[in-house]
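Protein chains in written order, with this note's numbering: chain U, -18 to 198; chain R, -18 to 198; chain P, -18 to 198; chain W, -18 to 198. Data block below; observations after.
Number of protein chains: 4
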Amino acid sequence: MSTLPRHDHLRADAQRNLDLILAAAAEIFAEQGGEASVAAVAERAGVGTATIFRRFPTKDDLLATIIERRFQRLAEDTRRAAAIAEPGEALRQVMLISIASYVEDRLIAETIGTPLFHRTGLHELWAEVTSYKERALHHAQADGQVRPDVTLADFSLLLAAIGFVGQRLDTDAPDAWRRCLDIVLDGLRPEVARPLFGAPVALRHLAALHDSDEAHR
Amino acid sequence: MSTLPRHDHLRADAQRNLDLILAAAAEIFAEQGGEASVAAVAERAGVGTATIFRRFPTKDDLLATIIERRFQRLAEDTRRAAAIAEPGEALRQVMLISIASYVEDRLIAETIGTPLFHRTGLHELWAEVTSYKERALHHAQADGQVRPDVTLADFSLLLAAIGFVGQRLDTDAPDAWRRCLDIVLDGLRPEVARPLFGAPVALRHLAALHDSDEAHR
Amino acid sequence: MSTLPRHDHLRADAQRNLDLILAAAAEIFAEQGGEASVAAVAERAGVGTATIFRRFPTKDDLLATIIERRFQRLAEDTRRAAAIAEPGEALRQVMLISIASYVEDRLIAETIGTPLFHRTGLHELWAEVTSYKERALHHAQADGQVRPDVTLADFSLLLAAIGFVGQRLDTDAPDAWRRCLDIVLDGLRPEVARPLFGAPVALRHLAALHDSDEAHR
Amino acid sequence: MSTLPRHDHLRADAQRNLDLILAAAAEIFAEQGGEASVAAVAERAGVGTATIFRRFPTKDDLLATIIERRFQRLAEDTRRAAAIAEPGEALRQVMLISIASYVEDRLIAETIGTPLFHRTGLHELWAEVTSYKERALHHAQADGQVRPDVTLADFSLLLAAIGFVGQRLDTDAPDAWRRCLDIVLDGLRPEVARPLFGAPVALRHLAALHDSDEAHR
DNA sequence: GATGAATGAGAATTCATTCAT
DNA sequence: GATGAATGAATTCTCATTCAT
Chain U
-18 MSTLPRHDHL RADAQRNLDL ILAAAAEIFA EQGGEASVAA VAERAGVGTA TIFRRFPTKD
42 DLLATIIERR FQRLAEDTRR AAAIAEPGEA LRQVMLISIA SYVEDRLIAE TIGTPLFHRT
102 GLHELWAEVT SYKERALHHA QADGQVRPDV TLADFSLLLA AIGFVGQRLD TDAPDAWRRC
162 LDIVLDGLRP EVARPLFGAP VALRHLAALH DSDEAHR
Chain R
-18 MSTLPRHDHL RADAQRNLDL ILAAAAEIFA EQGGEASVAA VAERAGVGTA TIFRRFPTKD
42 DLLATIIERR FQRLAEDTRR AAAIAEPGEA LRQVMLISIA SYVEDRLIAE TIGTPLFHRT
102 GLHELWAEVT SYKERALHHA QADGQVRPDV TLADFSLLLA AIGFVGQRLD TDAPDAWRRC
162 LDIVLDGLRP EVARPLFGAP VALRHLAALH DSDEAHR
Chain P
-18 MSTLPRHDHL RADAQRNLDL ILAAAAEIFA EQGGEASVAA VAERAGVGTA TIFRRFPTKD
42 DLLATIIERR FQRLAEDTRR AAAIAEPGEA LRQVMLISIA SYVEDRLIAE TIGTPLFHRT
102 GLHELWAEVT SYKERALHHA QADGQVRPDV TLADFSLLLA AIGFVGQRLD TDAPDAWRRC
162 LDIVLDGLRP EVARPLFGAP VALRHLAALH DSDEAHR
Chain W
-18 MSTLPRHDHL RADAQRNLDL ILAAAAEIFA EQGGEASVAA VAERAGVGTA TIFRRFPTKD
42 DLLATIIERR FQRLAEDTRR AAAIAEPGEA LRQVMLISIA SYVEDRLIAE TIGTPLFHRT
102 GLHELWAEVT SYKERALHHA QADGQVRPDV TLADFSLLLA AIGFVGQRLD TDAPDAWRRC
162 LDIVLDGLRP EVARPLFGAP VALRHLAALH DSDEAHR
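Okay, here's the thing in structure tokens:
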């Protein structure tokens, strides 16, 4: 499942360089998105570009690795949130974590659904994340805190929606999205439910949700 | 107000080519966003790149023209929707039109707030659009159909949010966002209103909403 | 000798256009030099570029024609000055006219000696101009007003030298070159003559004097 | 003061390439002036254009570096010449060096006074050169070898004038300008001085002397 | 005959990727 | 193993020249 290079005995300095690269890449891509240049990553890591390409034959390989690590953290965080006993609180935490992942990291929003996303094992991690969301949603619905006609797809879409605008406003109005979230939360309550448009959307379509902003080379 | 080149009597073939260019550019930029190459536009239009640069001295000029035309249509559509007598219906139509503009055109979401946006007359057209949104929102609030604590900024953010995910899903699940809209509409109803997070956001921050994904030209 | 297109019966409007083109080209090239674009000439003339290329198959042909006409005027002016009876005054006038031709027209200084210069009949006109200079110089020498060791080549070089700096300073210090001229005039007087460096230079080398500033396409 | 990239330990091959680039650029720009293409420099250096852009982010950076090195040499040479004890000989040497700098390098004549000139430290170096010229001129005047009505501006102009024609004739009649210089030197002698035209020119106008032939970058 | 339009070649620059030390 | 260096492909833009109306 992992694309991380695992030369089992990486020399100590090599391992240190790899760590530097991963840290730098995570920062740069989170800040600037996937169009950031490899040179920028190299500079922040304090290594040469060739060192990066030794570990990651392709820029996309580097991107995939970064994303994968991010997803692992996201999966773990989401799992923990979904395990909260009180269904409403679990739901709320899951939502906050999901939205925050978009807000804090441009790469996440850009990558899911791209060729990159499908070429690596990312969608399996994504499926895992989704399963935790599902659990939280269903518990809340079973508990009567969320209207039953809302599907997992609807739920995920709403999170992405709020995450996207949150990301765009992160520097100028960092908390603006929280008011949107509150409105959406009110809209999820069963007391007000009016019938929803059309038929439920298949979850598999949601991969496209995160198509990169540009054609992927 | 228009940046469109208006050599009042453009030769028939030239006018045809200009139309081809505008159509191709609108399509390409709508699909791929503003980073699409001029060459891509030229190819789809069936002309050489130099032909485009004859009409539009700069790529930004082309982008500005495309955007401006799109905004004019948007402003007109929104005006008409906001003029509908029944406040709830007016609001619904305004929302649909606004979201659709994001869904159908990547360039719109990318451009607002960028230097391009400020260099041309775009922000005036945008202010016009915003004023129609405001009218629709306030009428609906005065009529008791929308909770009073929702501001124009909240409202605009929600539209952008739904628009963003709608755009991403446009090819794979074209109507998926409509269910999100319904949920949000329910969240806007006064009878469910729970207090919103923090203080209202100033509208001017929303410019950043649409900041381009790359370093601003 | 002339490269001017001589369709013997040019329609009245065509002749008018040709005149407009010649006038505009003379202005533009005098101001901006030979790198000025054909489009710039067309615009100032109020005609289309194709109209220019109908008369002048090549930009170089246009340049040659402009230069030729300028040289004709220069030849006539120099002839008249050289005909002045008093040798010192004749010399002075010839010098002023020669220098002024450089100062007022960037094209002149740029063109002589280039492939362009040799491809057309320009060097014959130039020879004519030179012959008038020669007459003025020799008269002044015969009259004892100019040292006898100064050759026609030396004399021409000095004029070009002062002309070049005059041109560069034309806008910022329009008369600065006149002080240089006075110093040179003093240097030409016989009473101060000390022996000159090396052997006299062959006149034919002076064509190179005016090599264009850029490689000629 | 230097714009030369000084990665203190440039790898041997890189240093060799950098030297090749600098040498090629100095040659090409000296021969063809600043409009020469980077590709032409790259070809002569035997490297790709991108290699040049790695060291010099901008063509102007390359130009500035080349010019600066040339100016440093010029300043040193002029300083040395101005330090010669015998005032007449010092003056003569200063003049020869100044003129030779124009003759050998088109870039020098083109650059002074342009934005490039002001953006880099060039004008300070130029001011230094000018101060040496001034010293040589004033010594010669104090010693009675040069007429007192000649200003530093006049002097500089004469050098530029001879330098310009010398440059044009460099290949065809390499020493022709020396005879001009001798005539000018005679014109500078006090014994023959007749009053000069108009008022002295301010030195600052002379910047324009060297304005590039094309629209300033 | 005249014109605006179209184009192809070239220029500066950037960047992922490969190579030599 | 690591690195800085080299490069080729792509991008925006310009301009002399040819073409279609």
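Every residue gets a Cβ at the ideal spot worked out from N, C-alpha and C, and that includes glycine.
With a threshold of 8 Å between beta carbons, U:ASP163 makes contact with chain R. Taking P:ALA56 as the centre and dropping the five residues before and after it, the same chain places the C-beta of LEU106, GLU109, VAL110 closer than 6 Å to its C-beta, in chain order. No Cβ-Cβ contact shorter than 8 Å links W:GLY168 with P:ASP156. Counted as a single uninterrupted DSSP element, the stretch harbouring W:PRO129 is not any alpha helix (DSSP H), since DSSP gives it neither H nor E. Note that the stretch 77 to 88 of chain P does not touch the stretch 122 to 135 of chain P; fewer than 3 beta-carbon pairs, one per stretch, sit closer than 8 Å. Look at the beta carbons and you see the stretch 59 to 71 of chain R not touching the stretch 26 to 33 of chain R: under three pairs across the two are nearer than 8 Å. Here W:GLU49 is buried. Its C-beta has 16 or more other C-beta atoms within 10 Å. Between the C-alpha atoms of P:THR92 and W:ARG(-3) there is a straight-line separation of about 39 Å. For P:GLY102, no chain W residue has a C-beta closer than 8 Å to its own C-beta; the minimum C-beta separation is roughly 21 Å.
The distance from the Cβ of U:VAL165 to that of R:ILE164 is about 7 Å, consistent with a contact at the 8 Å cut-off. For the 8 Å CB-CB criterion, P:ALA154 and W:VAL146 do not form a contact. Between R:ASP41 and R:LEU97, the C-beta gap is smaller than 8 Å, which places the two residues in contact.
Secondary structure at R:ARG175: coil, using DSSP grouped into helix, strand and coil. For the stretch 168 to 179 of chain W, the set of residues with a beta-carbon nearer than 9 Å to any beta-carbon of chain P comprises GLY168, LEU169, ARG170, GLU172, VAL173, ALA174, ARG175, PRO176, LEU177, PHE178, GLY179, in chain order. In this structure P:GLY144 is in contact with P:TYR83, their Cβ atoms being roughly 3 Å apart against a cut-off of 8 Å. Contact note: R:ALA141 reaches chain U through VAL146, using a C-beta cutoff of 7 Å and chain order.
Taking all protein chains in view, the Cβ of R:THR59 is crowded by 16 or more other Cβ atoms within 10 Å, so the residue is classified as buried. Per the coordinates, the alpha-carbon of W:ALA117 lies some 20 Å from the alpha-carbon of W:CYS161. Rounded to whole angstroms, U:HIS120 and U:PHE37 show a C-alpha spacing of 41 Å. At least 8 Å separates the beta-carbon of U:ALA(-5) from that of U:ILE47. Residue environment: W:ASP86 is assigned as buried (16 or more neighbouring CB atoms within 10 Å of its CB, all protein chains considered).
Distance from the CA atom of P:ASP0 to the CA atom of P:ALA141, rounded to whole angstroms, is 30 Å. Counting of Cβ neighbours within 10 angstroms places R:SER18 among the exposed residues, the total staying below 16. Nearest Cα to R:ALA45 within the set R:ALA21, R:THR32, R:ALA20, R:ALA11: R:ALA11. The alpha helix (DSSP H) runs lying completely inside the stretch 20 to 90 of chain W and spanning 4 residues or more are 30 to 36, 40 to 63, 68 to 85, given in chain order.
The residues TYR83, GLY144, PHE145, GLN148, HIS191, in chain order, have a CB closer than 7 Å to that of P:ALA90 in the same chain once the five nearest residues on each side in sequence are set aside. Distance check between P:TRP158 and each of P:VAL173, P:LEU139, P:ILE2, P:ALA174 places P:LEU139 closest, using alpha-carbon atoms only.
The alpha carbon of R:ALA123 has as its nearest neighbour, out of R:GLY69, R:PHE136, R:LEU150, the alpha carbon of R:GLY69. Interface residue (Cβ-Cβ distance to chain R less than 8 Å): U:ARG159 is classified as such. Nearest CB-CB separation between R:VAL182 and chain U: below the 8 Å threshold. What U:LEU44 touches in chain R, judged by beta-carbon distance under 8 Å, is nothing: the nearest beta carbon there is about 15 Å away.
DSSP places P:THR111 inside the alpha helix (DSSP H), whose first and last residues are 103 to 123.
The beta carbon of P:ILE33 lies closer than 7 Å to those of ILE2, VAL19, VAL22, ALA23, LEU43 in the same chain, with the five residues before and after it left out. Taking 8 Å as the CB threshold, W:VAL131 lines the interface with chain P. Listed along chain R, the residues sitting closer than 7 Å to U:ASP135 by beta-carbon distance are ARG160, CYS161, ILE164. A distance of 8 Å or more separates the beta carbons of W:LEU88 and W:LYS114.
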